[in-house]
Amino acid sequence: GAALGAAGSGQEASLFQALGLSAKPAPTAPAPVPSVLWRIFQRRQLQPPGASAPDRACRVEELNVPGNIIRVLADQGHFIHSGEPKTFLCLEKRLYFNFSVLEEGEQLTMAQLEINFSHNSYHTSSGRQVFELRLYQALQMSLRGMSSHMYNHKLLVAQSFAQLHKSLLFNLTEVAKGWRTPSKNLGLILEISVGSRDSAMALPPRRLQNLCASIDSFLDTSLLVVSLNQKQCQASRKRR
Amino acid sequence: SSYYTPVTPSNLCKPRRLYISFSDVGWENWIIAPQGYMANYCLGECPFPLTAELNSTNHAILQTMVHSLDPEGTPQPCCVPVRLSPISILYYDNHDNVVLRHYEDMVVDECGCR
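In order, the protein sequence lines correspond to chains A and V. Residue numbers for the first sequence follow the numbering used here, beginning at 52 and rising by one. Residue numbers for the second sequence follow the numbering used here, beginning at 81 and rising by one.
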C-alpha cells in the first residue's frame, strides 16, 4: 500500500488499468461469493502450476465457452407486483443488470440467468396442494424483454412447472448482447402466474392465494456473464 | 579469459521463490481469493559459455562472447522469465460484483538468459 501511495495516483491508475480495472475497488456491500464461482476457482487451484494448456487458457471449460472473465451481476430491478394475489399473476418483477461493467474490448460469450428460491416449497407442502398444482398446470413463468414501446414486450421464455426447483437457469446470451448499448438495456419483466388465466379463474380465491404463497420463497435473480478479453489472450495465441 | 570468473551453480540464472501476499500490497479488502500466491522471480548470472540449461538464445550466446571481449561496452545477457503460467483471481469489482478472472503470465516457471 505504501509502495503504491509513493508511486502516485496516476501510476496506480495505470496499474489497475493493466489488470482490467478502472480504479482500485472498494467494496461497500460485498455480496456472498456465488457457489458456481467458488467451484470453478477451487477446481483451477487444484491444477498444478503450468498445467494449463495454451489453447485452453482463454476458455471456461466448466461452462464450455470461450472466455477469461466470469462475472455474477446482481439484479437491480424492482418488484412491480407481489403479495396478496388478486389475479392469476403471483409475482411481477423487473430484472435489470448493469452491463456498463464490461469493458469495451470484451466479447460477451455467455449470459445465463439464474432465478433462486430459498427452498422447494412444493416438496414441503401437503400432498393436496401438489395435486392441485398439477391439476391447474402448476405455475407459469415468463420472461419478457422490455423495449421503449410499452406494448412491445417480446416474450423470451415461457415455462410451466409441475414442481418448483431451488434454482432455474435460462440462456440469455443473445438478448444480453444487445444490452451492451446502454440505451437498449431496459431489462426484462419476470412474471410468475398460476397456470393460465382461465384455469386461475376457475380457482376459488382462497386456493389462488395458497398457490401464490408457494412462491414466497422467491429469493433473488442473478446473471452469470462470461466474456473474452482478446488482448489478454494474445500471449497464449502467440505461443501456440 | 582474463575476465573469466567462475560462477557457482547457486549464482546461475534460475527461478527464486517469491510469495506475493495481497494484504502486503493493501489489496486484501477487494481480492477474495487467493490471499497470495507463489509468483517467483528470476535472478542469477548468465556467464560465458552459456549452457543449454540456461535456456539461452543464439543471440545471448554471442552476446556473452562479445561481453567477454569487451565487458565495459557490452553487458551480459539478462536473466528473465521464459515460461510463465496463469492464475485465477476472485475479486469484487468497482460495482461490488463478484468476478473470477483468468490472468496470464503471473507465475514464473522457468528463467533464461536473453
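The beta-carbon is built from N, C-alpha and C at its ideal position, and this holds for glycine as well.
{"Asked": "Compare the Cα-Cα distances from A:N222 to each of A:P85, A:L274, A:L206, A:W230 and report the closest residue.", "Found": "A:L274"}
{"Asked": "Could you name the residues of the segment 167-186 of chain V whose beta carbon sits closer than 9 Å to any beta carbon of chain A, in the order they occur along the chain?", "Found": "I167, S168, I169, L170, Y171, Y172, D173, N174, H175, D176, N177, V178, V179, L180, R181, H182, Y183, E184, D185"}
{"Asked": "Just the C-alpha distance for A:P78 and V:S136, rounded to the nearest angstrom, thanks.", "Found": "45 Å"}
{"Asked": "Across which residues does DSSP place A:I166 in a beta bridge pair?", "Found": "A:L219, A:T272"}
{"Asked": "Along the chain, where does the alpha helix (DSSP H) containing A:Q61 start, and where does it finish?", "Found": "Gln is not the amino acid found at residue 61 of chain A; the sequence shown has Gly there. Taken as a continuous stretch (DSSP letters only), the alpha helix (DSSP H) holding A:G61 covers 60-69."}
{"Asked": "Any idea what DSSP makes of A:S211, helix, strand or coil?", "Found": "strand"}
{"Asked": "Please list the terminal residues of the continuous alpha helix (DSSP H) segment that includes V:S148.", "Found": "138-149"}
{"Asked": "Just to check my reading of the structure: V:V188 and V:P95 have Cβ atoms closer than 8 Å, yes? What is that Cβ distance to the nearest angstrom?", "Found": "5 Å"}
{"Asked": "What does the alpha-carbon distance come out to for the pair A:K217 and A:C109?", "Found": "31 Å"}
{"Asked": "Whose C-alpha, out of V:E184, V:C191, V:V179, is nearest the C-alpha of A:A69?", "Found": "V:E184"}
{"Asked": "So which of A:L72, A:P83, A:A74, A:N119 has the shortest CA-CA distance to A:R95?", "Found": "A:N119"}
{"Asked": "For V:L164, which residues of its own chain have a beta-carbon under 8 Å away from its beta-carbon, when the five flanking residues on both sides are left out?", "Found": "E184, D185, M186, V187, V188, D189"}
{"Asked": "Please go through the same chain and pick out, in chain order, the residues whose beta-carbon is closer than 8 Å to the beta-carbon of V:Y99, but skip the five residues on each side of it.", "Found": "G116, Y117, M118, A119"}
{"Asked": "Any C-beta of chain A sitting closer than 9 Å to the C-beta of V:N135?", "Found": "no"}
{"Asked": "Mind checking which residues open and close the beta strand (DSSP E) that includes V:E184?", "Found": "178-193"}
{"Asked": "For V:F128, name the three-state secondary structure that DSSP assigns.", "Found": "coil"}
{"Asked": "With DSSP collapsed to three states, give me the class of A:R185.", "Found": "Reliability fails at A:R185, whose pLDDT of 42 lies under 50, so the model's placement of it is uncertain and the value that follows must be treated cautiously. It is helical."}
{"Asked": "State the CB to CB distance for the pair V:L130 and V:A140, rounded to an integer number of angstroms; the pair is presumed to be in contact (CB under 8 Å).", "Found": "6 Å"}
{"Asked": "Does the beta-carbon of A:N280 have 16 or more other beta-carbons within 10 angstroms, so that it is buried, or is it exposed?", "Found": "buried"}
{"Asked": "Below 6 Å CB to CB, which residues in the same chain sit around A:E165 once its five sequence neighbours on both sides are set aside?", "Found": "S218, L220, S273"}
{"Asked": "Select from the segment 217-249 of chain A all residues with a C-beta closer than 8 Å to any C-beta belonging to chain V, and list them in chain order.", "Found": "none"}
{"Asked": "List, in order along the chain, the chain V residues whose C-beta lies closer than 7 Å to that of A:A74?", "Found": "N174"}
{"Asked": "Taking 9 Å as the cut-off, decide whether the C-beta atoms of V:V146 and A:I121 are in contact.", "Found": "no"}
{"Asked": "Can you tell me where the beta strand (DSSP E) holding A:L239 begins and where it ends?", "Found": "239-245"}
{"Asked": "With a threshold of 8 Å, are at least 3 pairs of Cβ atoms found where one atom belongs to the segment 154-165 of chain A and the other to the segment 104-114 of chain V?", "Found": "no"}
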